[in-house]
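Chemist: Position 875 (the sequence shown) corresponds to 2215 in this note's numbering; numbering is contiguous.
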Amino acid sequence: MAPCCPHKMIKMEKTLHLKSSRGRKVRVVREHYLREQVPCYSSLCLASCDNDGKVLPGDLTHYVVPDVGVVLDYQEILEFRELQGIILTQTACQAVHHCKGRSRQYNRLRNLLKDPRHDCVLFANEFQEFSFCQRENGESQEQWQTRCVYSAAVWYYNHLAGMMAVVMITENQDIINQYSNLQSGVYVISVQEYLQNFWLELRTAHELYRSIRQALQEKESECTEKEFTEHLPAEVLEAGIKSGRYIQGTLSVNKHRAQTEASVRTEGLTNKNTELSSEVLVYGNKNRNRAVHGDVVVVELLPKSQWRGKVSALTEGQLEEKNGEDIQNKPMPTGSVVGILQRNWRDYVVTFPPRESPQSQSRNSQRILTVPWDHRIPKIRISTQQADALQDHRVVVRIDSWESTSLYPNGHSVRVLGRAGELETEVQTILIENCIHVPPFSDAQLREMPVNSPEKPWKVDPSQVAERRDLRESHLVFSIDPAGCEDVDDTLSVCSLAGGKLLELGVHIADVTHFVAEGSLTDLEAHARATTYYLADRRYDMLPAILSADLCSLLGGVDRYAMSVLWELDAHTLAVNKVWYGRTVIRSSYQLHYELAQALLNGEHAEVPELTQFVSSEKDAKLAQLKQALEMLTHVARHLRAQRDQGGALELEGVEVRAQLDNEKNITALVPRQPLEIHETVAECMIYANHWVARMIQEVFPHQALLRQHPPPRQEFFSQLVESAKSKGFAIDTRSNKALADSLDKAVDPQDSLLNRLLRMMATQAMSQAMYFSTGAIPQDQYYHYGLALDRYTHFTSPIRRYADIVVHRLLAAAIEVESGRSPAKALASSKELEELAHHINRKNRAAQQVQKVSTELFQCLYFKERDPHKDQCCVANAVIYAIRDNGVLAFVPLYGMKGPAYLKNREGQVLSAGQDGHCEWQSGSVRRYSDCITTMSSIGTTTFTLFCHITVRISVQSLRCHADSVNLEVVSNRPHRSVTLHQTESHSRSQLVQEVVRLAEEASQQAQGKATRLSKLSKEEQEFCQSKSPNLYLLLEEIRELSLMDPAMCNHSLEIVMGSK
């Protein structure tokens, strides 16, 4: 087939039948241009089509063309990466685009076509001269669409000269009968036949097909009696929002009162009604009107007489909320959902409840109400033939619809995770519930990776050395990380210059972008993940292990590529004389862990592994040089911290706990991290580098730089902090970050060191979330980072585990080119593209924060689940009351770093009363709540529990088959545990746990020494799954800092650590 002129076009008229905003039918005639040459995106093309982008391979047995019905109803099957050679027609894609309520599906379809990991292309069949079909008189839209798709399939077969068979798949038997024998080489079959004939081994696709088909059949047979009011038309909603009658926002269901309490966030509310706050309460399922948590909805306010207040009594597993304590019982604006602008449905994990009656067991398909793992999601009705076999199993389902005639949404099952309660099932549940998809790295991605093996060791490229600044001989470079760290993405250097008049500080970061080319499959996967995900017993790397644990890891004694920032400082004032940015080659001399570095700083005897090979005199000289470097580094870091303190930098408090596991993943202890000065030293250097890189890229690219902002918190979120501190006689000033920092520094009780810690945790809870943004999207006065007290900030120092840092590295490299008078090698992303990327990374970071938090809670429950709370002394601990509720208190257990509700009134109406020895018993009585205390009254007497008082609690686990287990705190005494001071109790109890941890750690260390090397050999799990098996200890010092402004249970010792300084 000879090439044709790309400019030859045929003008036609296309008639469209549309609806006006008032619902009237309108006939529109538009010009429509056809051309002979339209890209076919096939590698078999002989017609010289302009196939720019993804191209279908030529070594397949067939191409597959789904009809409109298949794309609409079975798109999930088309998303399997195993399916190849998929041709999506313009006709089918437009049908999805114009189908009401399918906007999210259409976006998924667009992403599917963009993603090079999926073997599918879009064919513009309605612009191709020989595949275009004019709609005939009397022909229905469905008939015309079918003819268009079939015509496209025939065109492909002819265009490729019969070299590739084409299979059109449909679920309409009439279509199969009509078209299956019209054209040799073009086959028309059902989806089921297609899967059976071509993908027999792809069992998950077969199961998904059956599940979707059953759901569609059940939908056709639903009753017509209405349970909910119909949603208003889109044009009515739009007009109501503009006029102020209706309010738009995102529905947020209260997980503690999911059946009754939800609210609609209304940021940017322009309604002139001053009584409206930032949210509207939606009370009860009827008023929720089929909206699901996360949906973008439109609400109409109810009459004031029907306004309600939020309930402030404890419910199961409740922790604090951001609303001010004093307003929760007051009536607030209350409304009902009148329309849904956007469904934000996702994959949900559900559990099949036990069967209560055998009445429908004889039916082929059983309709089952499954219970979602997430309390905020309503029960989902699905049809299945495996209801009995799947009892007590966790299953992934998707919601298909929620009609006004149904009390519950209808859905279909996607796949079975496993039996509820099993560790792997629960971990997978946590990932899916947070929309985290981390499959093994594909063979295609791994083929992009460099090789490093004993037979073919990796070496630095001489051409790269020539282009980079070589620091291997001139600089003493070292790293300081958690013990056992594999992904070392930052190293440091510091030395004296000019006879001691100057200092040079260096931060050297792994040059990941050298190995990960922009637009490569590895880059696309890293972009999709956006971060490394840390769980209590494992991590899921953003990059393949050959990079994250080897070639990009700045390990000791090996040559590595780096991106470096070097500051020349005045030795006395530490003022910056000049800064150098660039690519370097480094060789780290020492790979220190935090405890070792701190011991060297303290002048304690410590063995440095890298120095064991030297004789005594040389060893002493090198050790002195290393100590001097650490002392200079600490001196500089103290100065940097003092500068930020003057600007109002905050030091907040959080809790960080690690589950210590044995070889069989049994939890032996929960270990809180003890802060060291060296932690802050490293953090300050990383903050400094991030700040200066932010300055550089923003100045060179003022509208296209990726920075990180931390907006000031809303003042009402400080209410609990202010009132709690007031009860102890302290005044907290929240007008600025400087005022807050100063007042927190003064709020110290010499008799109770935990008081200041708890107040800082409350301040952390009030913080807004730090977010990435494009500098072209917001005014420069909003760049400010409230917590760090910096005018500009970004993330540059952890490219192995954060995609934002990879983006910043590319921006920095481009900025260096521009500063050198050269043009960037590649065009930069636009501000809009960068802002979309920032939103994506922010979403993934919030998901990473949540999985880390829930994973920690899972292992806390596992730790206590097998222990007898009445016999095991580990289950009894000191706790501190940090919040008062109507029927109990919220308590913090410092020994285990956990929080939870402690009830003072049970469901039977009994209250906890303390005897003379402090021991508490349930008695008939009443409870009264005050601002700073709660009092129980019974026949024993009156017992008062005040804010920040120390009590003794018994820890147990409540097992919930359909949901996550939760920790229960039961008050056993209104006095501190064992009637000793907190410090003594904590030290004594912790020592028992830590002794066991240390013993296991020593055994693990001895085993590790037996390994030949961890550089050239990857574990079996890493080879098989291309993922890391064990958790990297950045879990303790890095990832929590990055993700944890919202939940104090995940925060670190200081806000710069909370903000993700490294």
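Glycine included, C-beta positions come from ideal geometry on N, C-alpha and C.
CA-CA distance, W1907 and A1838?
Modeler: Position 567 of the sequence shown holds residue 1907. Position 498 of the sequence shown holds residue 1838. Near 14 Å, if we compare the C-alpha coordinates of A1838 and W1907.
Chemist: Which stretch, first to last residue, makes up the alpha helix (DSSP H) that contains P1406?
Modeler: Position 66 of the sequence shown, counted from the first residue, corresponds to residue 1406. Here P1406 belongs to no alpha helix (DSSP H); instead the beta strand (DSSP E) covers 1402-1406.
Chemist: How would you label R2132, buried or exposed, when you count the other beta carbons within 10 angstroms and need 16 or more for buried?
Modeler: Translated into positions along the sequence shown, residue 2132 becomes position 792. Buried is the call here.
Chemist: Just mark D1635 as buried or exposed, buried being the case when its beta carbon has 16 or more other beta carbons within 10 Å.
Modeler: Position 295 of the sequence shown, counted from the first residue, corresponds to residue 1635. Per the 10 Å Cβ criterion, buried.
Chemist: Could you check how far apart the C-beta atoms of N1750 and L1891 are, in whole angstroms? I think they sit under 8 Å.
Modeler: Working through the sequence shown from its first residue, we reach residue 1750 at position 410. Working through the sequence shown from its first residue, we reach residue 1891 at position 551. That pair is no contact at about 50 Å.
Chemist: Taking 8 Å as the cut-off, does the segment 1717-1727 touch the segment 1515-1524 (at least 3 CB pairs, one atom from each stretch)?
Modeler: Because the criterion of three Cβ pairs below 8 Å is not met, the segment 1515-1524 and the segment 1717-1727 do not touch.
Chemist: DSSP state of G1675, grouped into three classes?
Modeler: For this step, residue 1675 is matched to residue 335 along the sequence shown. Correct three-state label for G1675: strand.
Chemist: State the Cα-Cα distance for the pair R1648 and D1728, rounded to the nearest angstrom.
Modeler: Taking the sequence shown and counting its residues from 1, one reaches residue 1648 at position 308. Taking the sequence shown and counting its residues from 1, one reaches residue 1728 at position 388. Roughly 42 Å separates the two Cα atoms.
Chemist: Could you pull the DSSP bridge partners for S2299 from this structure?
Modeler: Counted from its first residue, the sequence shown places residue 2299 at position 959. In the DSSP output, where bridge partners are listed per residue, S2299 has none listed.
Chemist: Looking at H1571 and T1853, is the spacing between their C-beta atoms short of 9 Å?
Modeler: Sequence index remark: in the sequence shown, residue 1853 carries index 513 (1-based). Sequence index remark: in the sequence shown, residue 1571 carries index 231 (1-based). Not in contact: T1853 and H1571 (Cβ atoms no closer than 9 Å).
Chemist: With a CB to CB cut of under 7 Å and the five nearest residues on each side skipped, what residues in its chain are close to E1469?
Modeler: In the sequence shown, residue 1469 corresponds to position 129, counting from 1. Here the set comprises I1350, L1374, R1375, E1376.
Chemist: Which word fits E1773, buried or exposed, when buried means at least 16 other C-beta atoms lie within 10 angstroms of its C-beta?
Modeler: Mapped onto the sequence shown, residue 1773 falls at position 433. So E1773 counts as buried.
Chemist: Take Q2213 as the anchor and find which of F2204, I2221, V2220 has the nearest alpha-carbon.
Modeler: Translated into the one-based positions of the sequence shown, residue 2213 becomes position 873. Closest by alpha carbon: F2204.
Chemist: Distance check for S1592 and V1678, CA to CA, integer angstroms please.
Modeler: Taking the sequence shown and counting its residues from 1, one reaches residue 1678 at position 338. Taking the sequence shown and counting its residues from 1, one reaches residue 1592 at position 252. Taking the straight line joining both Cα atoms gives about 16 Å.
Chemist: Note the first and the last residue of the continuous alpha helix (DSSP H) segment covering V1489.
Modeler: Translated into the one-based positions of the sequence shown, residue 1489 becomes position 149. It spans 1481-1499 - the alpha helix (DSSP H) in which V1489 sits, taken as one unbroken run.
Chemist: What's the call for H2303, buried or exposed, on a 16-neighbour Cβ count within 10 Å?
Modeler: For the purposes of this step, residue 2303 is identified with residue 963 of the sequence shown, where counting begins at 1. Flag for H2303 reads buried.
Chemist: Which residue's Cα is closest to the Cα of F2057: I2072, R1738, S2171?
Modeler: Locating residue 2057 in the sequence shown gives position 717, counting from the first residue. Among I2072, R1738, S2171, the Cα nearest to that of F2057 belongs to I2072.
Chemist: Which residue from T1974, R2301, H2290 puts its Cα closest to that of N2314?
Modeler: One-based indexing of the sequence shown puts residue 2314 at position 974. For the residues T1974, R2301, H2290, the minimum Cα distance to N2314 belongs to H2290.
Chemist: Taking Cβ positions, are V1976 and V1817 nearer each other than 9 Å?
Modeler: Residue 1976 sits at position 636 when you count from the first residue of the sequence shown. Residue 1817 sits at position 477 when you count from the first residue of the sequence shown. No. Outside cutoff.
Chemist: Which one or two residues does DSSP pair with N1750 in a beta bridge?
Modeler: If you number the sequence shown from 1, residue 1750 lands on position 410. BP columns for N1750 point to R1721, S1741.
Chemist: I think R1755 touches E1547, with their Cβ atoms under 8 Å apart; what is that distance to the nearest whole Å?
Modeler: As a first step, residue 1755 is located in the sequence shown; it is residue number 415 there, counting from the start. As a first step, residue 1547 is located in the sequence shown; it is residue number 207 there, counting from the start. Going by Cβ atoms, the distance from R1755 to E1547 rounds to 7 Å, so yes, they are a contact pair.
Chemist: Under a Cβ-count criterion, where at least 16 other Cβ atoms within 10 Å of its own Cβ denotes burial, should Q1699 be classed as buried or exposed?
Modeler: Position 359 of the sequence shown, counting from 1, holds the residue named residue 1699. Its pLDDT being 34, under 50, Q1699 is placed unreliably by the model, and the measurement read from it follows with that caveat. Exposed, since its Cβ has fewer than 16 Cβ neighbours within 10 Å.
Chemist: Would you kindly work out how many angstroms separate the C-alpha atoms of Y1748 and W1742, rounded to a whole number?
Modeler: For the purposes of this step, residue 1748 is taken as the residue at position 408 of the sequence shown. For the purposes of this step, residue 1742 is taken as the residue at position 402 of the sequence shown. Cα-Cα distance, rounded: 7 Å.
Chemist: Return the CA-CA distance between E1575 and V1506, expressed in angstroms with no decimal places.
Modeler: For this step, residue 1575 is matched to residue 235 along the sequence shown. For this step, residue 1506 is matched to residue 166 along the sequence shown. Roughly 42 Å between the two C-alpha positions.
Chemist: Consult DSSP for M2036 and reduce its assignment to one of helix, strand or coil.
Modeler: Numbered from 1 along the sequence shown, position 696 holds the residue referred to as residue 2036. Here M2036 sits in helix by DSSP.
Chemist: Helix, strand or coil for M1903 per DSSP?
Modeler: Looking up residue 1903 in the sequence shown gives position 563. Note: M1903 maps to strand in three-state DSSP.
Chemist: Exposed or buried, which one is I2118 when buried takes at least 16 other CB atoms within 10 Å?
Modeler: Your numbering for residue 2118 matches position 778 in the sequence shown. When all chains shown are included, I2118 counts as exposed.
Chemist: Between the Cα of Q1536 and those of T1710, G1525, V1526, R1550, spot the shortest distance and give me the residue it belongs to.
Modeler: Start at 1 with the first residue of the sequence shown, and residue 1536 comes out as number 196. The residue with the shortest Cα to Cα distance from Q1536 is R1550.
Chemist: My output table needs one value for S1520: the three-state DSSP class, helix, strand or coil.
Modeler: The residue you call residue 1520 lines up with position 180 of the sequence shown. Here S1520 sits in coil by DSSP.
Chemist: D1392 to H1458, Cα distance in whole Å?
Modeler: Taking the sequence shown and counting its residues from 1, the one referred to as residue 1392 is at position 52. Taking the sequence shown and counting its residues from 1, the one referred to as residue 1458 is at position 118. In a straight line, the C-alpha of D1392 is about 16 Å away from that of H1458.
Chemist: In whole angstroms, what separates the C-alpha of S1782 from that of D1399?
Modeler: For this step, residue 1782 is matched to residue 442 along the sequence shown. For this step, residue 1399 is matched to residue 59 along the sequence shown. If I take the Cα positions, the gap works out to 19 Å.
Chemist: Can you check DSSP and say which residues form a bridge with V2220?
Modeler: In the sequence shown, counting from the first residue as 1, residue 2220 sits at position 880. The partner list for V2220 (beta bridge, DSSP) reads F2232, H2290.
Chemist: Kindly indicate which three-state DSSP category I2140 falls into: helix, strand or coil?
Modeler: Taking the sequence shown and counting its residues from 1, the one referred to as residue 2140 is at position 800. In this structure, I2140 counts as coil in the three-state DSSP scheme.
Chemist: Going by DSSP in three states, T1381 sits in which element: helix, strand or coil?
Modeler: As a position in the sequence shown, residue 1381 is number 41, starting the count at 1. Going by the sequence as given, residue 1381 is Tyr instead of Thr. In the structure shown, Y1381 sits in coil (DSSP, three-state: anything other than H, G, I, E or B).
Chemist: Any contact between the segment 2251-2261 and the segment 2275-2289? By contact I mean 3 or more CB pairs, one from each, below 8 Å.
Modeler: Segments in contact, yes.
Chemist: Report the partner residues of K1918 according to the DSSP bridge assignment.
Modeler: Against the sequence shown, residue 1918 aligns to sequence position 578. Partner(s): E1908.
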